[in-house]
Amino acid sequence: MESLAREASRDLNLKILKKELIAKVLIEGNRAIEESAIRAQIKTREGDVYSPAVIRGDLKTLHQMGYFQNIRVEKRDWGREKAVVFVVEEKPVVREIKFSGNKHIKTTGLLEVMDLKPRTVLNLNAVKENVNKILKKYREEAYFLAEVKYELETLRKGEVVIHFKIKENEKIRIKKITFTGNTYFSDKVLKKVLPETKEAGFFSWLTRSGVYKEETLGKDTDAITALYMMKGFLHVKIAKPKVEVAKDGITITIPVEEGRQFKVGRLDLKGDLISPKKELFKLVPIYPGEIFNRQKVSQSISNLTDRYADQGYAFVDVSPQVIPHEDQPLVDLIFDIRQGSKVYFERINILGNTKTRDRVIRRELQAVEGELYSQRALKKSRDNLNYLGFFKEVDVSTKKGSADDKMVLNVRVEEAPTGAVSVGAGYSSIDKLIALLSISQSNLFGRGQRLVLSGQLGSVSSYYNLSFTEPRLFDSQVLVGGDLYDTYRDYEDYTVGRTGGVVRFGFPFFENIRLYTQYQYEVVDTYDILDTASEIIKSQEGTSTTSSINLGLRRDSRDHRFDPTKGSDNSISVTYAGRFLGGGNDFTKYEARSAWFLTPFWNLTFSPRGRIGFIEGDPTIPLYERFRLGGIYSLRGFKSYSVGPKAPNGEVIGGDKYLLFNFEMLFPIAKEIKLKGLLFFDAGNVWDVGEPYKLDDLRTSVGFGFRWMSPLGPLRLEWGYNLEPREGEERSSWDFTVGAFF
């Protein structure tokens, strides 16, 4: 009775207030979109009073879903009450996305930049946005005149195919870059400092030079600002570049407003000074009266910060105060230093190493738990880990420790593949046709050890080697290694085969300096001697043994092993072979080498080098131990091993002393692919036993060449011109090889 009374009361209220009760909410017309997804978006519920305002809100919400091209609401009788029906008309579903006309960019490349997917509801706004994404992709590839249109092909069951029709047209590269308003720097100088935006050149077909990118140009103009800041133009302004696209190329005009050039007035330091000003000023490469240079200011901040950080002041703040004079173009420069508190390394965490053992990483770290914070230690630690070659990424970061004077060091690495199997073939002007096989692991079992098995088979030589190196014996600084090898080389009048083994040791001496020593034992067989060979060659037919000890000292501060631009590589060594060591040969060989690398301007690298060596011992020094020059690794413009004392029949038998000078100038041709050109001058000679060094008897050559850090390794192609050819010598020669630069 009570429920009947409540129902009667509700009916009476609805009639009095003229309201309708919703008995049912229905969804009709949906095919791809599930009913539950639609119901989740609407607020109209069964049992509610019918409300036009709520219905309008539901319609707006459903339209915002983006799945429907038409929605209507119907009110139908449902017994004594009403049913609300949402009738939806879904947008078509994308069945397929296809392209036509795209010859230079593959379909997969276009799909990578798009967010349209099959089996999704058609969204025309998204289609138009993806047209722009396709156009942007083409612009990145220099197709600025590309045209993209789309058509919708309607299928049955509410499905469509989106067909993008592309007309690529010709590539358009940057034809010309000009500047306006610049008087201090020429257009030529300003164009050189743009890192990425370049005019199209001869190698544009091979590289990406000459390709215009709007976002890149915006960043590149910052380099122009930095250049002007280096020359005291503190108020320089670079306006938005004007870009004109035509069929024959793109012209970019960059407006420059230079402003006045400022010089340094007063220079001072203030704040917390841990050393006398005189000492700290040595870290500031700036002098009163010189042109203000923003780069020198940054370098000064870095130098001062590093000095303080190396004393444990991890949070030192060096703030430059630039105070301009009102009456003249001068600025006073004051470095305000706030040292903060000393900080200690509380803990060092090694993260991300899935293969390399913790101790292999920790032994490379210069930072030590419990010791003072040191910026130099962090940098050296990072450099050491990168030099190992075990990791793709090395991140050395710090965070606050358990107290204000404590810091936690996190060393996070990402492992890189360290094993390699390579098979190849090639040609060298020295070894002719060659086949190569190499199996190596530079981080054996995650212990940092190196194992290499390699072989090289050529038409005039072969070489097989098994090598093992432990770079940190018992986690010390001592290097230990060993080699087993077998090799032969076919000379013009004879063949030499050598089989032996080496035990190597290396010890750190000072920073970048190592002491090396090794013991070597080898058996040498000289055979296949021609009847026309000289008597000295015939006298060495047969088998002999060499047991030797080598001691060397090397300082290597190069910034790159194969393509250095700064630093030097200097070494001296002495090799003693004696019968008391168990061998048949008795001699002492001395050698010294020095190579320097300087890049003072315009990315030109100058490299002067020198080598000298001599042997003393038995009157008959073994042929295979004598010095010879000629070829790509020594005296270019001469045949390999063709320079040196000769036997009466003209065969080069080598000498007991040599001197070699090389001077190179390298310049970039295509930075993107690491291609360089070079000009060189070589001078050297080899002298026989009893002859002195003769500087007026040096053989000389000049030439040019190319160096490329190719995927196969360093590649060299060089042409040398013999300045004073002698009888039987060619005037010039080409040399080609894939391998280490010398």
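Residue numbers are given in the numbering used here: position 255 of the sequence shown equals residue 255, and the series is strictly consecutive. The beta-carbon is built from N, C-alpha and C at its ideal position, and this holds for glycine as well.
Buried or exposed by the 16-neighbour rule on C-beta atoms within 10 Å, applied to residue i
i	result
alanine 239	exposed
isoleucine 323	exposed
asparagine 169	exposed
tyrosine 624	buried
glutamine 443	In the sequence as presented, glutamine is not what sits at residue 443; that position holds asparagine. Buried is the call here.
asparagine 102	buried
asparagine 182	buried
asparagine 349	exposed
proline 417	exposed
alanine 5	Bear in mind that the predicted position of alanine 5 carries a pLDDT of just 48, short of 50, making it unreliable; the figure below should be weighed with that in mind. By the 10 Å Cβ count, alanine 5 comes out exposed.
valine 256	buried
arginine 76	exposed
Secondary structure of residue i, DSSP reduced to three states
i	result
histidine 104	coil
leucine 283	helix
methionine 229	helix
tyrosine 780	Because the chain spans 1 through 742 in this model, residue 780 falls outside it and cannot be assessed.
valine 368	coil
arginine 554	strand
proline 417	coil
lysine 19	coil
lysine 674	coil
aspartate 48	coil
aspartate 268	strand
alanine 32	coil
glutamate 664	strand
leucine 695	helix
glutamine 375	helix
leucine 155	coil
alanine 647	coil
valine 54	helix
phenylalanine 144	coil
threonine 178	strand
asparagine 70	strand
arginine 6	In this prediction, arginine 6 has a pLDDT of 45, which is less than 50 and means its spatial position is unreliable; what the coordinates show is noted afterwards. Note: arginine 6 maps to helix in three-state DSSP.
Beta-carbon gap between residue i and residue j smaller than 8 Å
i	j	result
valine 94	valine 160	yes
serine 548	leucine 581	yes
glutamine 261	aspartate 306	no
tyrosine 313	lysine 342	yes
glutamate 664	phenylalanine 638	no
arginine 338	valine 316	yes
lysine 175	alanine 146	no
valine 394	valine 368	no
threonine 398	valine 408	yes
Chain C contact for residue i (CB, 8 Å cutoff)
i	result
asparagine 293	The structure shown has no chain C; it contains just one protein chain.
Residue i versus residue j: straight-line alpha-carbon distance, rounded
i	j	result
asparagine 722	glycine 655	21 Å
glycine 218	tyrosine 693	60 Å
valine 85	proline 52	13 Å
tyrosine 287	isoleucine 301	15 Å
glutamine 477	proline 508	6 Å
asparagine 512	asparagine 132	54 Å
serine 634	threonine 565	20 Å
lysine 759	proline 668	Nothing in the structure corresponds to residue 759, since the chain is present only between 1 and 742.
leucine 678	valine 702	11 Å
glycine 352	glycine 370	23 Å
valine 502	threonine 526	21 Å
asparagine 585	arginine 472	33 Å
tyrosine 387	glutamate 364	10 Å
arginine 707	asparagine 603	15 Å
phenylalanine 510	serine 573	17 Å
tryptophan 734	phenylalanine 661	19 Å
glutamate 89	alanine 37	15 Å
valine 643	glutamine 456	25 Å
aspartate 222	phenylalanine 292	18 Å
glutamate 724	aspartate 697	11 Å
Identity of the residues DSSP links to residue i by a beta bridge
i	result
valine 408	Arg347, Lys399
leucine 719	Here the sequence assigns tryptophan to residue 719, which means leucine is not the residue at that position. Answer is Phe704, Trp734.
glutamine 518	Arg504, Asn550
tyrosine 150	Phe164
glycine 684	Leu660, Arg699
asparagine 585	Beta-bridge pairing links asparagine 585 to no other residue.
asparagine 465	Ser454, Tyr485
arginine 611	Arg593, Leu660
Residue i CB to nearest heavy atom of the ligand SAM below 7 Å
i	result
aspartate 222	Among the components of this structure there are no ligands whatsoever, and the ligand SAM is therefore not found.
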